[in-house]
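Participant: Listed in order, the protein sequences are those of chains V and Y.
Residue numbers for the first sequence follow the working numbering, so the first one is 176 and each next one is one higher.
Residue numbers for the second sequence follow the working numbering, so the first one is 54 and each next one is one higher.
Each residue gets a CB set at the ideal place from its N, CA and C atoms; glycine is no exception.
Source: prediction; values computed, not measured.
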Amino acid sequence: MAEYRLKTPLSNEDVEKLKSGDIVYLSGTMYTARDAAHKRLVDLILNGEELPFELEGAVIYYVGPTPPKPGEPIGSAGPTTSYRMDPYAPILIEHGLKGMIGKGKRNQDVKDACVKYKAVYFGATGGAAALIAKAIKKAEVIAYPELGPEAVRRIEVEDFPVVVVNDTFGNDLYDEGRKLWEKK
Amino acid sequence: MRTVKYEDIVKSIRDMIIFSTTHLAPDMKKALEEAYENEKSEVSQAVLAQLLENAKIAEEEWKPLCQDTGLAIYFVKVGTDVKVEGGSLKEAIYEGTAKGYEEGYLRASTCDCFTRANLKDKAGYNLPPIIYFDLVEGDKIEIEYAAKGGGSENVSRATVLAPAAGKEGIKEFVKKVVSDAGPNPCPPLVVGVGIGGSFDMSAVMSKHALFRNIGTPNPDPELNELEKELKDELNKLGIGAMGMGGTETVLAVHIETYENRMCHIASLPVAVNIQCHSSRHAHITI
Numbered sequence: 176m177a178e179y180r181l182k183t184p185l186s187n188e189d190v191e192k193l194k195s196g197d198i199v200y201l202s203g204t205m206y207t208a209r210d211a212a213h214k215r216l217v218d219l220i221l222n223g224e225e226l227p228f229e230l231e232g233a234v235i236y237y238v239g240p241t242p243p244k245p246g247e248p249i250g251s252a253g254p255t256t257s258y259r260m261d262p263y264a265p266i267l268i269e270h271g272l273k274g275m276i277g278k279g280k281r282n283q284d285v286k287d288a289c290v291k292y293k294a295v296y297f298g299a300t301g302g303a304a305a306l307i308a309k310a311i312k313k314a315e316v317i318a319y320p321e322l323g324p325e326a327v328r329r330i331e332v333e334d335f336p337v338v339v340v341n342d343t344f345g346n347d348l349y350d351e352g353r354k355l356w357e358k359k
Numbered sequence: 054m055r056t057v058k059y060e061d062i063v064k065s066i067r068d069m070i071i072f073s074t075t076h077l078a079p080d081m082k083k084a085l086e087e088a089y090e091n092e093k094s095e096v097s098q099a100v101l102a103q104l105l106e107n108a109k110i111a112e113e114e115w116k117p118l119c120q121d122t123g124l125a126i127y128f129v130k131v132g133t134d135v136k137v138e139g140g141s142l143k144e145a146i147y148e149g150t151a152k153g154y155e156e157g158y159l160r161a162s163t164c165d166c167f168t169r170a171n172l173k174d175k176a177g178y179n180l181p182p183i184i185y186f187d188l189v190e191g192d193k194i195e196i197e198y199a200a201k202g203g204g205s206e207n208v209s210r211a212t213v214l215a216p217a218a219g220k221e222g223i224k225e226f227v228k229k230v231v232s233d234a235g236p237n238p239c240p241p242l243v244v245g246v247g248i249g250g251s252f253d254m255s256a257v258m259s260k261h262a263l264f265r266n267i268g269t270p271n272p273d274p275e276l277n278e279l280e281k282e283l284k285d286e287l288n289k290l291g292i293g294a295m296g297m298g299g300t301e302t303v304l305a306v307h308i309e310t311y312e313n314r315m316c317h318i319a320s321l322p323v324a325v326n327i328q329c330h331s332s333r334h335a336h337i338t339i
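1. Is any beta-carbon of chain V found at less than 8 Å from that of alanine 161/Y?
2. Three-state secondary structure (DSSP) at serine 202/V?
3. Can you give me the C-alpha to C-alpha distance between isoleucine 276/V and alanine 208/V, rounded to a whole angstrom?
4. Considering only the alpha carbon of each residue, which of Ala177/V, Gly196/V and Arg180/V lies closest to aspartate 347/V?
5. Buried or exposed: glutamate 301/Y, going by 16 or more other Cβ atoms within 10 Å of its Cβ?
6. Output, in sequence order along the chain, the residues in the region 177 to 196 of chain V whose CB is closer than 9 Å to any CB in chain Y.
7. Buried or exposed, going by whether 16 or more other CB atoms sit within 10 Å of the CB of serine 141/Y?
8. Flag this pair as yes or no: are the beta carbons of leucine 263/Y and glycine 245/Y separated by less than 8 Å?
9. List, in order along the chain, the chain C residues whose C-beta lies closer than 7 Å to that of arginine 169/Y?
10. Does the beta-carbon of proline 117/Y have 16 or more other beta-carbons within 10 angstroms, so that it is buried, or is it exposed?
11. Suppose contacts are defined by Cβ-Cβ distances below 8 Å. Is tyrosine 89/Y in contact with valine 137/Y by that definition?
12. Quick check: is the beta carbon of cysteine 23/Y nearer than 8 Å to any beta carbon in chain V?
13. Measure the C-alpha to C-alpha separation of lysine 260/Y and tyrosine 292/V and round it to an integer number of angstroms.
14. With distances taken from CA atoms, which of Asp187/Y, Gly153/Y and Asn91/Y is nearest valine 257/Y?
15. Starting from the Cα of isoleucine 235/V, find the closest Cα among Glu225/V, Pro242/V and Pro265/V and give me that residue.
16. What residue range does the beta strand (DSSP E) around glycine 345/V cover?
17. Assuming the contact rule is C-beta atoms closer than 8 Å, alanine 211/Y and alanine 324/Y should be a hit. Round their C-beta distance to whole Å, please.
18. If we count the other Cβ atoms within 10 Å of its Cβ and call it buried at 16 or more, is phenylalanine 297/V buried or exposed?
19. Please return the same chain residues whose Cβ sits closer than 6 Å to the Cβ of methionine 254/Y, not counting the five positions on each side in sequence.
20. Kindly confirm or deny that the region 222 to 231 of chain Y and the region 200 to 214 of chain Y touch, where touching means at least three C-beta pairs closer than 8 Å.
21. Is the beta carbon of glutamate 325/V closer than 8 Å to that of alanine 212/V?
22. Rounded to whole angstroms, how far is the Cβ of leucine 290/Y from the Cβ of glutamate 357/V, which I believe are closer than 8 Å?
23. Would you check if the distance between the CB atom of glycine 279/V and the CB atom of asparagine 107/Y is smaller than 8 Å?
24. Considering only residues of the region 193 to 253 of chain V, which uninterrupted beta strand (DSSP E) runs meet the minimum length of 3 residues and lie entirely inside it, listed in chain order?
25. Are the beta-carbon atoms belonging to glycine 239/V and arginine 160/Y less than 8 Å from one another?
26. Would the region 124 to 137 of chain Y count as touching the region 311 to 322 of chain Y if we require 3 or more Cβ pairs under 8 Å?
27. Just confirm the distance between the C-beta atoms of lysine 152/Y and isoleucine 184/Y, as a whole number of angstroms; I'd bet it's less than 8 Å.
28. Quick one: list the residues of chain V neighbouring glycine 291/Y, beta-carbon separation under 8 Å, in chain order.
29. Between proline 240/V and chain Y, is the shortest Cβ-Cβ distance under 8 Å, so that the two count as touching?
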């Protein structure tokens, strides 16, 4: 297991060196989106319209934060369960998305897209929402404010802690980890 | 007949919500510390360390432990010798919920099933809650509250087994639910199991089982034994903290049965309600 510090946007070179189990600290700009926002982003792609942010090299964080207290950039902001974004992720990956951050298993289509188009699925610690919020320095709603917690935000992060779950080689940390510790 | 003021109930509920969503319950903290000590996998142990650090930050800053501050779930026991002055108990719980979530900067997570539109402007901030009322003797109102997140709820399951399936069938079902859930519900978990009653009652009991403090034994010695056996067997699954692989997948298994193990002669209902490592629960007696 290696440890990396990476700056967004991510390049093919960045993601191709990562292996499942590696610890990565991400810095730079990322975008937040959940179910409803994903559906809209994919509809835009299918209709040939412009997205609210540049997808090439982008990292999307699956999160619906709590409202910030006065003076805070964001409230508590841990990852949500990622499988709900599985129907939408492959097309975003095909169009340049390089990183996804969430928690929980992805389906085979997402894992295959990660291998084919070079992208990585990162796991953040679910429920560590107050801790993770410390890594988020700025947040601004840039699309779909009517979705409330599910709006698309541009966030600036510093040393955002994640673990590589699905890499560009088809590995899956959840399968490997469990196999290692399972007692028959 | 004792009288309780409507505003007092609203305030008690508001305060309970804000405190319990920002302060990890003492039983959970102890259970996570023990899991940290016992975990054999370094990766999972690092996750548990993050969770304990998270609890510390949340407590110091009164910041929500998890961004999913859940649906508000209540089990309410109302004494027959107490009445609420100035409004109904149900309204007071609704108002206390909306106040707690809004004034505590918690997330409003209720939405329309079909349009998925957030209900905070239509029904009220994170309204409606889910409330189970029960009538009891006495002049007190006892309110148990949990903030129940969606991730762990999504992997919960209910079934009605054939009576012949017996205890082994129950164990197999619980193991399948936890195994299929894998990393998704944020392990290490508290597993609530409702056995007996009817299809719906087993599910309600599986939820109520999550309110018991970890470390409090089941009063039924046979069920207490079954809880321990299940916990040991579930920890052999190897799922570990956040599914990274490890020895500590389950913090506790809590079983409830209906009226001392009652069910229909043709049925064996079993429900499994999964709770995450943040298990935010509290209770007040008014």
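Facilitator: On the basis of the supplied data:
1. yes
2. strand
3. 10 Å
4. Gly196/V
5. buried
6. Gly196
7. exposed
8. yes
9. Here chain C cannot be found, since the structure's protein chains are V and Y.
10. buried
11. no
12. Residue 23/Y is absent from the structure shown; chain Y starts at 54 and stops at 339.
13. 43 Å
14. Asp187/Y
15. Pro265/V
16. It is not in any beta strand (DSSP E) - glycine 345/V carries neither H nor E in the DSSP assignment.
17. 4 Å
18. buried
19. Tyr311
20. yes
21. yes
22. 6 Å
23. no
24. 198 to 207 and 234 to 236
25. yes
26. no
27. Not quite, the Cβ-Cβ distance comes to about 16 Å (not below 8 Å), so this is no contact.
28. Gly352, Arg353, Lys354, Leu355, Trp356, Glu357 and Lys358
29. yes
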